[in-house]
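From first to last, the protein sequence lines stand for chains A and B. If you read the first sequence in my numbering, its first letter stands for residue 5, the second for the next number, and so on. If you read the second sequence in my numbering, its first letter stands for residue 3, the second for the next number, and so on. Backbone N, C-alpha and C fix where the C-beta goes; we use that ideal spot for every residue, glycine too. Note that the coordinates shown come from a computational prediction; the quantities given were computed from them, not determined experimentally.
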Amino acid sequence: MFDYNHALILAFMLFTLGTAGVLLRRSALVVFMSIELMLNAVNLVLVVFSRLRGDLDGQVICFFIMAVAAAEAAVGLAIIIAFFKRKKHVDLDRASLLRS
Amino acid sequence: MDLYPLILAFPLIGLLINAVLGRRLGVRGSGAVASVAVLLSFVGAIQAFIKVRHLVALGDGEARLVVRLWEWIHVGGFSADLSLLFDPLSVVMILVVTGVGFLIHVYSIGYMSHDRDYARFFVYLNLFMLAMLLLVLGDNYLVLFVGWEGVGLCSYLLIGFWYDRMFTTKMSNAAAGKKAFIVNRVGDFGFLLALFLIFTNFHSLNFDTVFAAAAHHPAATGVMTAIGLLLLLGATGKSAQLPLFVWLPDAMAGPTPVSALIHAATMVTAGVYMVARSHILYALTPDVLTVVAWVGGLTAIFAATIACTQNDIKKVLAYSTVSQLGYMFLGLGCAAFGGGVFHVVTHAFFKALLFLGAGSVIHAMSDEQDIRRMGGLRHKLPLTFATFLIATLAIAGLPGFSGFFSKDEILAAAFSRQPALWGLGVVTAGLTSFYMFRLMFLTFFGKSRVEPERAAKLKESPPVMTVPLLILALLSIVGGLIGLPPVLGRHLLGGFLAPVFEGLHHIEGFGHAEHLSASKEWLLMGISTVAALGGFLLAWTRVHKVGDKEGLFAKSRNGFYRLLEDKYRVDEVYDLLIVRPLSKLARFCWRVVDELVIDLAVNFSGLGVRLGGELMRLFQNGRIQSYAFFMVLGLVMLLIRVLVQQG
């Protein structure tokens, strides 16, 4: 017997973990990973509800998200690498360059 | 081909060509374009004159041509067309305006030859011709008003033409232009109010409709009086009468051809034209007509006395213009509307000639205008001298010259209406003769007082300037023949204008001007001739005989003389009573109302926005994580709200 609640609670915990990571960690790389965690939590929710409702829409969207996340990972990593080359660090607290 | 329907188009085309290409054409080309434009208008005016004269000769009352260009305004019950009315009155005016205007345009080619801004000058002159024709030809008060404002604008632009020069030590040319414009604004304010009153009472601004309505169903006496007085206020502004004459002497800051064209021959007679056009309204309110006569008579003598003491050649002529305009108003006020218009015509000839002659002198003297530093010029400038002398004889009213006949007609009308006004007129005639011959003697006779470096360059003006002088001189001599008094012959101008003033016959007290008996007529002519000769003799003994010995220009200790020299200190009184309180009020508005009240309110609201901005700025710290935090915070709050709502 598959308990939907368990899956949802797991997704909630993953999402919270990701959010906490985004808000609290200073390294851009870790923040980035935390975002991936949040995305996957959402994917999990989509899959669960898809199954609950008995149609495939949620799972299709889930694949979209994965594809977009892959592209986003490429872009995001490229930005972080470019930033590191210039500043020799990836500390977000020291990255408020647009504020004069 | 009929050119008269296109009469407005020529100056318009001329000014557009000069505005775009003027500087490439050179002074001769640019001047030729402007002159040809006016010449074509003049030809159109002659054609219109021939047609209208034909209609007058037929004698079936309606001697007029109307050219309807287009419907201009149509709002509710109000409509105003842009249509041109060619009736005897307007045809006489446009003949003078375009004819004298053409001569002055030609003269300007010579006069402005050393000026770098000739193109701008000719654009303004053509614009003036356009506005003046619109003023005279409009068949309703609204079009007249547009022209009225247009000529005012051109006057302002041309007075300040040399905007970088000083007129007197205290006043710049630009300030003189502003003064003319603002004083005229006072008159225009009266004019506008009169138009409002006319429209509310007669529901139209069209001349025919208004006059017919006024003659058959006049409004209350108070309203009619107010209309007459307010129109008169407008006329005193434009035509430099008491109490608004102060701008005209300062208008001499403009180039001399402008003084001749605008501030002597044409624009300043617009007020006379307007009153003559509105003769029905004035005939219905005889009291206002009396006011017109007194304003004219008093202005005439007032300005003539000032002219006797001035030492600037153009200032003398300026006060003379004010004085002669006073004569015209005196004529109008004595119900001699035709006589007033007659004097407009002859005055245009001889006063334009005087100004152009003065311009020729100033041109030859390298911009010297003070007659104390002239003298003996008749040998050096023979043509200018001869024409100036003719104009002087004409304005002084020596028998046979044009000024004699028009002045005599006005004086005769004054004599039969108000002998006191006639007395003013005769004294003014004597004064006119005196100040003109004084000017004549100081400028052209006696020993030369010219500074040596100016004397070296002294030579007669080129033909482009002297030919217009000669033509105007001819007109100044024979111009009077169009209006001979009854004892001498036919009054051609009076006969021509008769259909315009037809409506007067239906108004009580204006049926037929009572003709003076022949003996009285001769007597009046004799008296004005004696006055003119008296003025001449006075100038001969007091100015010419004294010569340039010491004392002639010494400061007189006579209080009255000094009062005249200071122009009755009218400017000072206006300054004290009007200008200074107004500038104090303006200063109050600036320092207190604007700087304290308005600025404070604006600054305060600005401060509020700034402080709000500072507060918001704290959140914009540039750190991604704090932005993310607020995003999450918002999401959480939204979530809570949704949950709470679902209960």
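- Excluding sequence positions up to five before and after N128(B), its CB lies within less than 8 angstroms of the CB of P13, L14, G16, L17, N20, A36, A39 and V40, all in the same chain and listed in chain order.
- For N175(B), there are no C-beta contacts with chain A under 9 angstroms, since the nearest C-beta of that chain is about 52 angstroms from it.
- Identification of chain B residues near D97(A) by a Cβ-Cβ cut-off of 9 angstroms yields R625 and Q627, ordered along the chain.
- The beta-bridge partner set that DSSP reports for L84(B) consists of W72(B).
- The segment 282-292 of chain B makes no contact with the segment 358-371 of chain B: fewer than 3 CB pairs, one atom from each, lie closer than 8 angstroms.
- Fully contained in the segment 365-447 of chain B are the following alpha helix (DSSP H) runs of length 4 or more, in chain order: 384-398, 404-419 and 421-446.
- At a beta-carbon threshold of 8 angstroms, the residues of chain B lying near L27(A) are Q627, A630, F631 and V634, ordered along the chain.
- L327(B) is positioned such that its CB atom lies closer than 8 angstroms to that of A242(B).
- Selection V148(B), S85(B), G378(B) and D410(B) evaluated against V532(B) yields D410(B) as nearest (Cα-Cα).
- For a cut-off of 8 angstroms, the C-beta gap from G256(B) to A121(B) is around 17 angstroms, too long to register as a contact.
- Not flagged as an interface residue toward chain B: S38(A), since no C-beta distance is shorter than 8 angstroms.
- If you look at C591(B), you'll find it isn't in any alpha helix (DSSP H); DSSP assigns it neither H nor E.
- By the CB criterion at 8 angstroms, V102(B) and A47(B) fall outside the cutoff.
- Under the DSSP assignment, L41(A) falls in the alpha helix (DSSP H) whose first and last residues are A32 to R57.
- Within the model, the alpha-carbon separation for S38(A) versus A24(A) is close to 8 angstroms.
- Uninterrupted beta strand (DSSP E) stretches at least 3 residues long and entirely within the segment 517-585 of chain B do not occur.
- In this model, H76(B) and R380(B) are separated by some 60 angstroms (Cα to Cα).
- Its chain contains G335 and L423 as the residues whose beta carbon lies nearer than 8 angstroms to that of W296(B), once the 5 sequence neighbours on both sides are disregarded; these appear in chain order.
- At a Cβ-Cβ threshold of 8 angstroms, M254(B) and K317(B) count as neighbours.
- Taking C-beta separations shorter than 8 angstroms and ignoring five residues to either side along the sequence, the partners of W72(B) in its chain run D83 and L84, following chain order.
- Considering only beta carbons, the part of the segment 73-101 of chain A lying closer than 9 angstroms to chain B consists of L96, D97, A99, S100 and L101, in chain order.
- Counting of Cβ neighbours within 10 angstroms places I484(B) among the buried residues, the total reaching 16 or more.
- At a cut-off of 8 angstroms between C-beta atoms, T23(A) counts as an interface residue with respect to chain B.
- Beta bridge pairing from DSSP links N208(B) with N142(B).
- No Cβ-Cβ contact shorter than 8 angstroms links R440(B) with E370(B).
- In the DSSP assignment, the residues bridged to S174(B) are M168(B).
- Taking the Cα positions, G299(B) is about 16 angstroms away from G239(B).
- Within the same chain, and ignoring the five residues on either side of A350(B) in sequence, the residues whose Cβ sits closer than 6 angstroms to its Cβ are V98, V102 and A267.
- D95(A) carries a strand assignment under DSSP once its states are collapsed to helix, strand and coil.
- Within the segment 207-274 of chain B, the complete alpha helix (DSSP H) segments at least 4 residues long are 209-218, 223-240, 249-252 and 258-262, listed from N- to C-terminus.
- Out of M131(B), Y126(B) and W164(B), the CA that lies nearest to the CA of H116(B) is found in W164(B).
- Ranked by Cα distance from L244(B), the first of L195(B), F130(B), T223(B) and V188(B) is V188(B).
- Counted as a single uninterrupted DSSP element, the alpha helix (DSSP H) harbouring K53(B) occupies residues A11 to L60.
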